[in-house]
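First to last, the sequence lines map onto chains A and B. Numbering of the first sequence is given in this note's numbering, commencing with residue 1 and proceeding in unit increments. Numbering of the second sequence is given in this note's numbering, commencing with residue 1001 and proceeding in unit increments. Cβ atoms here follow ideal geometry from the backbone N, Cα and C, with glycine treated the same way.
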Amino acid sequence: MPAEASPSRGSSTAVAPAASGRPVIEIRDLTKSFGDNLVLKGVNLTVTEGSTTVILGGSGSGKTVLMKHMIGLLRPDSGEVIIEGERFDNLPEQARQVVRRKFGMVFQQAALFDSMTIFDNVAFPLREHTDYRENQLREIVFQKLDQVGLRSKADNYPDELSGGQRKRIGLARALALDPKIVLYDEPTTGLDPITTDNVDQMVIDAKREYGVTSVIISHDIGSAFKIADHLAVLYQGVILADGPPEVVRRSQDPFIQKFFALWFERA
Amino acid sequence: MTEAAAQADPRPRHPPTGFFGGLASAVAALGTAVLSLIEDVGGMVQLAGEAAIAVVQPPYRIGILFEQLDFVGVGSIFVVGITGLFTGMVFAVQSYNAFSLFNAQSLVGSTVALALARELAPVFAGLMVTARVGSSMATELGSMRVSEQIDALTTLAINPIQYLVVPRLVAAVLMMPFLTILFDGLGILGAYFVAVISEHLSPGLFLGRIHLWVDPEDVISGLIKSAVFGFLIALVACYKGYNTTGGSKGVGSATNQAVVTGSVSVLVVDYFLSLALMGYVSKV
């Protein structure tokens, strides 16, 4: 097992964070296990305002579990999750709902509500959390649909769309309330290269147009280097390296080097 | 699997053999079943508690409630009505034959009506609603869970229990008594058809004995039962659906368990409710 040989296991390589903005998400010594299976073994990570952070890791590295802690879908066994300076992980459910309004999340399979049309999916968060009249609401929804280039699909149902289109609608829904932070769960998994490129562009546009802080979990190294200004490598429940992509890539850590070498060989 | 995990794994490496081995497996299986029952009951009590809190907190989801009232109530009229009609008819056929042995055919109406009001209508309507509504609720919530739609609701700052579970529970509690009244009415109509039209019993005798023997308390006790059954059916179905794991196979298993557990709970709880309501019914 290569991880056993790595001297850096359990500690991050010391590199400066990519963006110098204030921290919006801070993860401190996070551990989480399911039964006997220890998935996160003391994760430390800081996501700064306006940055695009990619958490890179293979299957079973715990990256989805880590992301679910950021938005409070899971509670940690120990450690802290701090959102904009406020402790988040130990809040009661009702208080978490308030904090969650700062977030948008794009799910791996989009997780669109299949009983609603595309229009209603995007309108859903607005209807729930705002007092917009129907004509204002239509305007906002169509604006979001235009941004992802899918205005023509407004009256369709999610099962009538392709995987890539569903992801774009998922993003439109996540952006409907203009959140400060957008979390992406494997946005490019299972997509062809052209659609992958579209989705990458969509992430870049969301950041450029709305200045959102983005956190992306991925195992797609090509996309990661294209969109990230902050890269964290998660392996077997610990962050092995954390910093600007080029710094992480040039890391002298033998394990990281082997990690990237293998990855680029395969890619 | 690591060595430590292998040691901690309670599953036997080699299946036990022989009489004592078989006995040990049987005891282990029973233990597992009891543990999972306790876990289920605990989970359902917790879900019911969370729903009870969510039901009084705004926003009140009236639109979704009406959708569910329509689905649970209006959507079940046909299946519950047909079941009620034929239950009344078959019960009348059997009791007419039995009562005619000692010339007491006039008791058919009251016997059928009393049995319907106290037991048959709430239990049979409950079983039909479990099959139609419970299965559908478990499947819907289960597929929403495995396709991360429930997580999506949470990330959109919506309480999924308030959005999904509460309207279903309330609709089932409100609509089951109406379906039971429908069952009662059509069951008596079916019995009337068999006894009066087909067997030429006097309509006055048929209806008069019902009036004489069946008290409002009998009907009310049946309606109380039906509301409890509605709560149970929806709670079991929502619990199973909400906690689905393991993809489409998991959804199938959640649906299956919702129907089996829902039906069995209706029958088991019916016994205890009958005992509890007996005092109320026989006082007058």
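{"Check": "According to DSSP, what are the bridge partners of Lys32(A)?", "Outcome": "Leu40(A)"}
{"Check": "Starting from the Cα of Val1119(B), find the closest Cα among Phe1020(B), Ala1234(B), Gly1084(B) and Phe1231(B) and give me that residue.", "Outcome": "At residue 1119(B) the sequence reads Glu, which differs from the Val that was named. That would be Gly1084(B), whose Cα lies nearest to the Cα of Glu1119(B)."}
{"Check": "Quick check on DSSP: helix, strand or coil for Pro244(A)?", "Outcome": "coil"}
{"Check": "Gly289(A): which of Met67(A), Gln257(A) and Leu183(A) sits nearest, CA to CA?", "Outcome": "An answer regarding residue 289(A) cannot be provided, because it is not within the stretch 1 to 267 covered by chain A."}
{"Check": "Strictly under 8 Å for the Cβ-Cβ distance: is Glu1148(B) near chain A by that measure?", "Outcome": "yes"}
{"Check": "Using only the alpha-carbon positions, how far apart do Asp205(A) and Lys167(A) sit?", "Outcome": "15 Å"}
{"Check": "Taking the Cβ atom as the reference point for each residue, do Ser61(A) and Tyr235(A) lie within a distance shorter than 8 Å?", "Outcome": "yes"}
{"Check": "Can you list the residues of chain A that Ile1158(B) reaches, using a CB-CB cut of under 7 Å?", "Outcome": "Glu128"}
{"Check": "Could you check whether the Cβ of Ala1152(B) sits closer than 8 Å to any Cβ belonging to chain A?", "Outcome": "yes"}
{"Check": "Just to confirm the assignment, what range does the beta strand (DSSP E) spanning Ile216(A) have?", "Outcome": "Thr213 to Ser218"}
{"Check": "Compute the distance between the beta-carbons of Ala1138(B) and Gln1068(B), then report whether it is under 8 Å.", "Outcome": "no"}
{"Check": "Per DSSP, what are the beta-bridge partners of Leu234(A) in this structure?", "Outcome": "Ile239(A)"}
{"Check": "In whole angstroms, what separates the C-alpha of Leu1232(B) from that of Phe1124(B)?", "Outcome": "14 Å"}
{"Check": "What is the DSSP secondary structure of Asp1218(B), reduced to helix, strand or coil?", "Outcome": "helix"}
{"Check": "Does the beta carbon of Gln109(A) sit closer than 8 Å to a beta carbon anywhere in chain B?", "Outcome": "yes"}
{"Check": "Taking C-beta pairs closer than 7 Å, name the residues in chain B that Ile71(A) reaches, listed in chain order.", "Outcome": "Thr1155"}
{"Check": "Please name the residue or residues paired with Pro23(A) in a DSSP beta bridge.", "Outcome": "Thr48(A)"}
{"Check": "Which chain B residues sit within Cβ distance under 8 Å of Phe124(A)?", "Outcome": "Leu1156"}
{"Check": "Tell me, which residues are paired with Arg87(A) by DSSP?", "Outcome": "Ile82(A)"}
{"Check": "Span of the beta strand (DSSP E) holding Met116(A)?", "Outcome": "Premise fails: Met116(A) is in no beta strand (DSSP E) and is neither H nor E."}
{"Check": "With a cut-off of 8 Å, do at least 3 Cβ pairs link the segment 1138-1151 of chain B to the segment 1176-1193 of chain B?", "Outcome": "no"}
{"Check": "Using only alpha-carbon positions, find the residue among Val215(A), Asn90(A), Phe34(A) and Val199(A) that is nearest to Val24(A).", "Outcome": "Val215(A)"}
{"Check": "Could you tell me which chain B residues have their CB closer than 7 Å to the CB of Arg100(A), listed as they occur along the chain?", "Outcome": "Thr1155 and Ala1157"}
{"Check": "Quick check: what's the CA-CA separation for Val233(A) versus Ile55(A)?", "Outcome": "6 Å"}
{"Check": "Would you check if the distance between the CB atom of Pro179(A) and the CB atom of Lys102(A) is smaller than 8 Å?", "Outcome": "yes"}
{"Check": "Measure the alpha-carbon distance for Leu1144(B) versus Leu177(A) and round it to whole angstroms.", "Outcome": "Contrary to the premise, residue 1144(B) reads as Met rather than Leu in this sequence. So the two alpha carbons sit approximately 22 Å from each other."}
{"Check": "Could you work out which residues of chain B lie near Phe119(A), taking near to mean beta carbons separated by less than 7 Å?", "Outcome": "Neighbours of Phe119(A) on chain B: none; closest Cβ ~16 Å, over 7 Å."}
{"Check": "Which class does Leu56(A) belong to by DSSP, given the choice of helix, strand or coil?", "Outcome": "strand"}
{"Check": "Gln97(A) versus chain B: which residues are under 7 Å apart at the beta carbon?", "Outcome": "Ala1157 and Asn1159"}
{"Check": "Beta-carbon of Met67(A) versus every beta-carbon of chain B: anything under 8 Å?", "Outcome": "no"}
{"Check": "Apply the 10 Å Cβ neighbour rule to Asn1256(B) and answer buried if 16 or more other Cβ atoms are within range, or exposed otherwise.", "Outcome": "exposed"}
{"Check": "Flag Met105(A) as yes if its beta-carbon sits less than 8 Å from any beta-carbon of chain B, otherwise no.", "Outcome": "yes"}
{"Check": "Under three-state DSSP, which class holds Glu140(A)?", "Outcome": "With the sequence shown as reference, residue 140(A) is identified as Ile, and Glu is not the correct amino acid for it. Note: Ile140(A) maps to helix in three-state DSSP."}
{"Check": "Use the C-beta contact count for His230(A): other C-beta atoms within 10 angstroms, 16 or more gives buried, fewer gives exposed.", "Outcome": "buried"}
{"Check": "Who are the neighbours of Phe113(A) on chain B, taking C-beta pairs under 9 Å?", "Outcome": "Met1144, Gln1149, Ala1152 and Leu1153"}
{"Check": "Hey, quick one: how far does the alpha helix (DSSP H) through Ile169(A) stretch, first residue to last?", "Outcome": "Gly163 to Leu175"}
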